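Position in the sequence shown (first residue = 1) + 962 = my numbering.
Glycine included, each C-beta is placed from N, C-alpha and C at the ideal position.
Remember, it's a predicted structure, so these values are computed and weren't measured experimentally.
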Amino acid sequence: MADNDAQTSTEEFEPAVEGEVAEPDFAHLAGIVADGLIGALGGLVGTAAMSIGLFVASSLGAFDMASFGILADLTGLDVIFPANAVAVGFLVFLGGGMVTWPLLFAATAAYLPGERFATKGLPYGFVLWTGFVLAFSQGVGGGVLTLALYAVLTLVSHLAYGFSLGAVFDYLSDRPETLV
């Protein structure tokens, strides 16, 4: 055996900071809150754009607004206002459009194709549509033409959501003290 096989270290590792507690960075926290509010605003604008498309689809018989009532049933919130579970379901839908999906968009936007957030929102809206078109197709009836109209109008609505969400991110991206 060689002499260097049994090397022992006599160095002692000390913590970089002893007895000090890190101070919270409130400027960074304020930027996070501002980015969250911008995401919620973008989600509100996007959900408004999508809702217009869904209302058009509903007026043409290609979308059943009662599908929003299913969201209220799934979450158990239909007991809040049982006379109009559709309205409660739409509020759940609005909450997802303002919180969940903008957060996911902010986290994945760097990986989406496009140079601006608005153009990155188009493939994002398409991805969201793939789940929506299956989950909300329950009340659609009337044949192949109605189903095709449902698919096209909900796709256009989701593209409008993604574009509008991204456009708000673009519009407010030159603001100081934020993280996006």
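Uninterrupted alpha helix (DSSP H) stretches at least 4 residues long and entirely within the stretch 1008-1095 occur at 1029-1037, 1047-1057, 1063-1070, given in chain order. Under the Cβ criterion (8 Å, minimum of three pairs), the stretch 1099-1108 does not count as touching the stretch 1037-1054. The three-state reading of DSSP puts F1098 in coil, since its state is none of H, G, I, E or B.
Linking G1124 to H990 through their CA atoms gives a straight-line distance of about 27 Å. Proximity of the stretch 990-1006 to the stretch 1121-1135 meets the contact definition, three or more beta-carbon pairs being nearer than 8 Å. The Cβ atoms of G1004 and L1117 lie no closer than 7 Å to each other. In this structure, V1048 sits away from G1023, with a CB-CB distance that is not shorter than 7 Å.
Annotated as proximal: F1055 and L1033, with beta-carbon spacing under 7 Å.
Pairing A992 with L1065, the inter-Cα distance amounts to about 17 Å. Here L1134 carries a coil assignment [DSSP, helix/strand/coil]. In this structure, the straight-line span from the alpha carbon of L1096 to that of S1135 is close to 34 Å.
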